[in-house]
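S.K.: From first to last, the protein sequence lines are chains D and H. Counting from 160, one number per residue, gives the positions in the first sequence under the working numbering. Counting from 120, one number per residue, gives the positions in the second sequence under the working numbering. The beta-carbon is built from N, C-alpha and C at its ideal position, and this holds for glycine as well.
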Amino acid sequence: MVSLFVAQIRGLDQLESSEVLVAQNVFFAIIALVMVLAALKMVTTENIVHAALYLVIVLAGAAGMFILLGAEFIAVTQILVYIGAIIVLFLFGIMLTKGSFGTEEGEFIEKSQMAVLVAVLIVTVASGSFIDSFRYTELSREAPSTTAEIGDTIFSQFIIPFEAISVLLLAALIGSVVIARRDQ
Amino acid sequence: MTVFNLAIELAYWQQTVIRSVLALVAVLLPAGTLVYLYLFKMMSFMQSRLGPMEAGPYGSLQLLAEVGKFLQKEDLYPRAADRVVFKAAPFVVLASTFLLVLVLPAGPDAWFINIDTGVFLALAVSSISVIGILMAGWGSASKYSLIGGLRAAGQLVAYELPLVLAVMGVVIQAGTLNVQEIVLAQANGEIFGWGGIGNPFLITQFLGFIIFLVAVQAELTQPPFDMPVAESEIVTGYLTEYTGMRFLLFFIGEFATAGIFSALAATFFLGGWYFPGLDPTDNLFNLLGPVVLIGKMLLVSFLIFWFRFTYPRFREDQLQQLAWKVLVPLSLLNIVATGVLKVIF
Chain D
160 MVSLFVAQIR GLDQLESSEV LVAQNVFFAI IALVMVLAAL KMVTTENIVH
210 AALYLVIVLA GAAGMFILLG AEFIAVTQIL VYIGAIIVLF LFGIMLTKGS
260 FGTEEGEFIE KSQMAVLVAV LIVTVASGSF IDSFRYTELS REAPSTTAEI
310 GDTIFSQFII PFEAISVLLL AALIGSVVIA RRDQ
Chain H
120 MTVFNLAIEL AYWQQTVIRS VLALVAVLLP AGTLVYLYLF KMMSFMQSRL
170 GPMEAGPYGS LQLLAEVGKF LQKEDLYPRA ADRVVFKAAP FVVLASTFLL
220 VLVLPAGPDA WFINIDTGVF LALAVSSISV IGILMAGWGS ASKYSLIGGL
270 RAAGQLVAYE LPLVLAVMGV VIQAGTLNVQ EIVLAQANGE IFGWGGIGNP
320 FLITQFLGFI IFLVAVQAEL TQPPFDMPVA ESEIVTGYLT EYTGMRFLLF
370 FIGEFATAGI FSALAATFFL GGWYFPGLDP TDNLFNLLGP VVLIGKMLLV
420 SFLIFWFRFT YPRFREDQLQ QLAWKVLVPL SLLNIVATGV LKVIF
C-alpha cells in the first residue's frame, strides 16, 4: 500500500526550482508539525477539556494553512465558525455537564484498537481517493478569488444549494428547540 | 497638496518589523490612557473624590506604580488548578486583543494588514477571547471561577450576534468588508450633495452605532453587564484565583480591548482617521491619522466608561432578554432598512 502511494506521488509533475515558495514551505512544515502533534495529543489525552483545547490548535493550524494558500476568507471563516463557535460550545457543554475541574485522569474508556482501525481506514480511503481524483489536476497559478467574488458566486451560481442549506439549518434549529422543550 | 513625502523606501521585512512594533504600541497606549484618564480620574470626579494624587504630579505616575506592584507579587496558583491551562489563559485573551488591533487603519498607508475581509476578521478574532476566559474559569479549579467563566462565555456569545449585525449596516452602505475602504467611503461620501464633512455613517447608521456600543459594553463585561465578575455574588468570577502578573495581563487585555473596540466604532461610524476638509489621499494623514483616530477613540470610549461608572448591574435573565429580544431584532430591522434604502438610492 505504502509503495503504491510513493509511486503515485513520484508520478506528480515536479515544480521548477524557481517556482518553489521557500517561506510558504517553511511555514507549512512548522504548522503541519504542530497540527500533527496536537492531533495526536488530542486523541491520546486522558482529560476531555485538554482534548478540546488541543483541537483548538489543530483548527487554528488549518486556518493558518488557508492563509498560506491565500484563501483569507476561508481562514477567517474557519476561526469564526470552529474556534469562535463550535469549540466554545464544546467547552461550554463539558463544563456545564461534568461539574469537575482541575487535572483528572482516566475519563475516556479504552477503545484504542477500534480507534486505530478507524483511523487507518479513514487515512487509506481519503488519501487514496484524493490522489486518484486530483492526480492529473494542475494547480491554478492565478491569484485566489477575492471576498467579493466569493459573495457574488454564492448569491448567483450557488444560490439554490445555499438556500437549501439555510433551510436545513433552520429545520435543525427548530428541531433542537422542540426537543429541548418537550416537557412543557 | 502633498506636504510630507516619505524620502525612504523600506524593504518588506523592515515594514513588517515596524508594523509589528507599532501594533504593540497600539495595544498598550490606549490601555494606559484609558486606565489613567477614565478609570483613575473621571470615575473619581464622578464620585466626588480626587483619585490618585501622590505618585507624580497630579497622580500621573500612578500607572507605573500599579504595574510595579503587580510585577512584585508572588505568582500563586491554587493547588488543584490545572497549571498549564491556568497559566495559558491570560495569554489567549491577550492574543485575541493583539489580533484585533491588526485590522485598524490609521492612515492611507498606516495600516497593519489591509485585507478584503477586515471587518469579518475583527469579529472572528474577538471571539477567541471566550476560549481564554473559559480556560481561566475551568483551570482555576474554583466554583466562583467556573461560574464566572460560564457566565462570561454565555454573555459574550449572546452579544457577539448584535455586534456583528450592527456592523452589517455599515458594510452594506460602504459596499465592502475592507476597513480601509469603509473609511474612504465615509471620507469621499456626500450628504445630499454636500461633501463638507464627508458622510460619517453615524448619521445614517445611528441605530447601528447605539447597538454596537451596547454590545461592546457587554463584550467587555463592564457594568452594567458585569455579571461574570459580580463581586457581591461570585467574588470576581474567572479572575478570582489570579494574582500579580497574570491578573495584570487580564487587566491590560480588558482595557486594551475597550480602546480597540472604541477605535473600531470610531472607524465604522465616525469616519476613522479622516479629518474633514482635507484630501484623504494626502500623505499628511499618515502622521495626522493616528492622532485623529486616537481623538475619536477617546470620544467613543468616554461614552463607554460613562455608562460603566453610572449604571447599576443587570440581572442575568435581563441581560439575555436585552440581547435576544431587543438588540437582535432591532439590528435585523436596521439591516433590512439599510438594504432597501441602498437599492432605492
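Hey, Gln324 (chain H) and Gly288 (chain H): beta-carbon distance below 8 Å or not?
M.R.: Closer than 8 Å, so yes.
S.K.: Given that Leu242 (chain H) touches chain D, what residues does it touch there, using C-beta distances under 8 Å?
M.R.: The contacting residues are Leu239.
S.K.: Would DSSP call Asn297 (chain H) helix, strand or coil?
M.R.: Three-state result, Asn297 (chain H): coil.
S.K.: In whole angstroms, what separates the C-alpha of Val222 (chain H) from that of Ile232 (chain H)?
M.R.: Taking the straight line joining both Cα atoms gives about 6 Å.
S.K.: With burial defined as no fewer than 16 other Cβ atoms inside 10 Å of the residue's Cβ, what is the status of Lys192 (chain H): buried or exposed?
M.R.: Exposed, because fewer than 16 other Cβ atoms sit within 10 Å of the Cβ of Lys192 (chain H).
S.K.: Got a sec: is the Cβ-Cβ distance from Val411 (chain H) to anything in chain D below 8 Å?
M.R.: Not closer than 8 Å to any Cβ of chain D, the Cβ of Val411 (chain H) fails to qualify, so no.
S.K.: Need the endpoints of the alpha helix (DSSP H) that Tyr131 (chain H) sits in, please.
M.R.: That run of the alpha helix (DSSP H) goes Tyr131 to Leu153.
S.K.: Could you confirm whether any beta carbon from chain H is found closer than 8 Å to the beta carbon of Gly243 (chain D)?
M.R.: Output row for Gly243 (chain D): interface = yes.
S.K.: Let me see if you follow: with CB-CB separation under 8 Å, is Val185 (chain D) close to chain H or not?
M.R.: Judged by the 8 Å Cβ criterion, Val185 (chain D) is not in contact with chain H.
S.K.: Is Met273 (chain D) close to chain H, meaning its C-beta is less than 8 Å from at least one C-beta of that chain?
M.R.: Not one chain H Cβ lies under 8 Å of Met273 (chain D).
S.K.: Going by the DSSP bridge assignment, what does Trp230 (chain H) pair with across the sheet?
M.R.: In DSSP, Trp230 (chain H) forms a bridge with H:Pro224.
S.K.: Can you find a C-beta in chain D that's less than 8 Å from the C-beta of Met120 (chain H)?
M.R.: In this predicted model, Met120 (chain H) has a pLDDT of only 32, less than 50, meaning its place in the structure is not dependable; the value taken from the coordinates is given anyway. It does not: the Cβ of Met120 (chain H) has no partner Cβ on chain D nearer than 8 Å.
S.K.: Among H:Gln299, H:Pro319, H:Ala142 and H:Ala304, which residue has its Cα nearest to the Cα of Ala293 (chain H)?
M.R.: Closest option to Ala293 (chain H), Cα to Cα, is H:Ala304.
S.K.: Between Val235 (chain D) and chain H, is the shortest Cβ-Cβ distance under 8 Å, so that the two count as touching?
M.R.: Taking Cβ atoms only, chain H reaches closer than 8 Å to Val235 (chain D), which makes this a yes.
S.K.: Establish whether the CB of Glu322 (chain D) and some CB of chain H are separated by less than 8 Å.
M.R.: Answer no: the Cβ-Cβ gap between Glu322 (chain D) and chain H never drops below 8 Å.
S.K.: Can you tell me the Cα-Cα spacing of Tyr131 (chain H) and Asp345 (chain H), whole angstroms?
M.R.: Rounded to the nearest angstrom, the two C-alpha atoms are 43 Å apart.
S.K.: Go ahead and pull the three-state DSSP assignment for Ile322 (chain H).
M.R.: It is coil, neither helix nor strand.
S.K.: When you compare each of H:Tyr278, H:Leu153 and H:Leu389 to Lys415 (chain H) by their alpha carbons, which one comes out closest?
M.R.: Answer by Cα proximity: H:Leu389.
S.K.: Less than 8 Å between the C-beta atoms of Ile190 (chain D) and Gly220 (chain D), yes or no?
M.R.: Closer than 8 Å, so yes.
S.K.: Considering only the alpha carbon of each residue, which of H:Asp398, H:Thr400, H:Tyr357 and H:Val276 lies closest to Ile242 (chain D)?
M.R.: When each option's Cα is compared against that of Ile242 (chain D), the closest is H:Val276.
S.K.: Mind checking the stretch 332-365 of chain H against chain D and listing, in chain order, the residues whose C-beta falls within less than 9 Å of any C-beta there?
M.R.: Cβ contacts with chain D come from no residue of the stretch 332-365 of chain H.
S.K.: Give a yes or no on whether the C-beta atoms belonging to Arg270 (chain H) and Pro347 (chain H) are separated by under 8 Å.
M.R.: In this structure, Pro347 (chain H) lies closer than 8 Å to Arg270 (chain H) by Cβ.
S.K.: For the alpha helix (DSSP H) containing Leu329 (chain D), list its first residue and its last residue.
M.R.: Taken as a continuous stretch (DSSP letters only), the alpha helix (DSSP H) holding Leu329 (chain D) covers Ile318 to Ala339.
S.K.: For Lys160 (chain H), collect the residues of the same chain with a Cβ closer than 7 Å to its Cβ; drop the 5 residues on either side in sequence, then sort them by chain order.
M.R.: These residues qualify, in order along the chain: Gly170.
S.K.: Identify the contact partners of Ser246 (chain H) in chain D, using a Cβ-Cβ distance below 9 Å as the criterion.
M.R.: The answer, in chain order, is Ile238, Leu239, Ile242, Gly243, Ala244 and Val247.
S.K.: Name, please, each residue of chain H whose Cβ falls closer than 7 Å to the Cβ of Val215 (chain D).
M.R.: Going along chain H in sequence order, the residues near Val215 (chain D) (Cβ under 7 Å) are Ile250.
S.K.: Beta-carbon of Thr262 (chain D) versus every beta-carbon of chain H: anything under 8 Å?
M.R.: Confidence is the limiting factor: at Thr262 (chain D) the pLDDT is only 47, short of 50, which leaves the residue's position unreliable and the question unanswerable from this model.
S.K.: Taking the alpha carbon of Arg198 (chain H) as the point to measure from, which residue in H:Asp436, H:Gly258, H:Glu352 and H:Thr386 has its own alpha carbon closest?
M.R.: Nearest of H:Asp436, H:Gly258, H:Glu352 and H:Thr386 to Arg198 (chain H), Cα basis: H:Gly258.
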